[in-house]
Amino acid sequence: MPANLYALGAIALWASLASLGVSLRHVPPFLLTGIALLVGSLLALPFVLRDTRQWRIPASTLLLGVYGLFGFHFLLFVALRQAPAVEANLVNYLWPLFMVVLAPLFLKNMRLRGAHVAAGMLGFAGAAIAILGARDGAAGGGWHWGYLPALASAFIWASYSLLTQRVASFPTAAIGLFGLVSGVLSLLCHWWLEPTTALTARDWALLAVMGLGPLGAAFFLWDKALKLGDARQIGILSYLTPLCSTALLMLVSGRSLSWSIALAAAMIIGAAVLGTRAK
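Its first residue numbered 135, the sequence shown is counted upward by one per residue in the working numbering.
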């Protein structure tokens, strides 16, 4: 139960990412990611200042962290730029399903049972309905190569989440070092690929909220959840992310509840109950 509560805390913070992203859509994505990750890394400073050994981790572990935080966001932003955003987002939300089905391949002494498979498929179907239900009838646009980086980003986050349980144990405060290095790499990408942009006081305030929340505290909570819990169950709980994200966007935009969101809620909650009860 503590692990699931940590996971739900991370999911709640990630649910705000889309709404914050809409408010900051005029900010180049690498600049946005770099600043937010650097702000999020500050959360680790109280622990590191008290004990500098918190950031003394093997180079392989640091590379894994950068692979997860930087690789995931880099490919996701490429996908959102090149492919229709809603569909690319849907492909990216395959990562909870990847976590569920890949857990036995990445982790020892873990078996994938029928209940986990059923819960995973039910949750993914609910996530698809939640996201596609918000399209307002927009044209799908067919296949686009931009879905490939979206798929790759989903695999990266799922594999990163599972591989953190295979490497030598590291302090959760080390997530701040992951964010620091990933943030610097993102800013280098901004300098190389994106135009210079002037930020307003409101932009800085929203970036601070994003950094302290979905691109900061959420990573620490997620790591804590993975250290304490069952990756299969946590992966299924993650299907709440697209539902909560879509619901918050509807609230912010003043849209009324639709049948698709109600159906998605029932499917995702049902999947979470089924998956967390499976042994």
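Backbone N, C-alpha and C fix where the C-beta goes; we use that ideal spot for every residue, glycine too.
Inclusion of F206 and W279 in the CB contact set at 8 Å is not warranted, their separation being larger than that value. The three-state secondary structure of N243, taken from DSSP, is coil. Around the CB of D185, fewer than 16 other CB atoms lie within 10 Å, so the residue is classed as exposed. Taking 8 Å as the cut-off, the beta carbon of G202 is found closer than this to the beta carbon of Y294. Sequence-distant Cβ neighbours of R245 in its own chain, meaning closer than 8 Å and more than five residues away, are P238.
The C-beta distance from L151 to P376 rounds to 11 Å, too long to fall under 8 Å, and the pair is not in contact.
Judged by DSSP secondary structure, H160 falls outside any alpha helix (DSSP H); it is assigned neither H nor E. Shown here, W279 sits in coil according to DSSP, grouped into three states, outside any helix or strand. Closest by C-alpha distance to L327, out of F211, L285, S287, is F211. Taking C-beta atoms under 8 Å as the contact rule, I370 and G409 qualify, at a distance of about 3 Å. DSSP places L183 in the uninterrupted alpha helix (DSSP H) bounded by 179-184. Counting of Cβ neighbours within 10 angstroms places H324 among the buried residues, the total reaching 16 or more.
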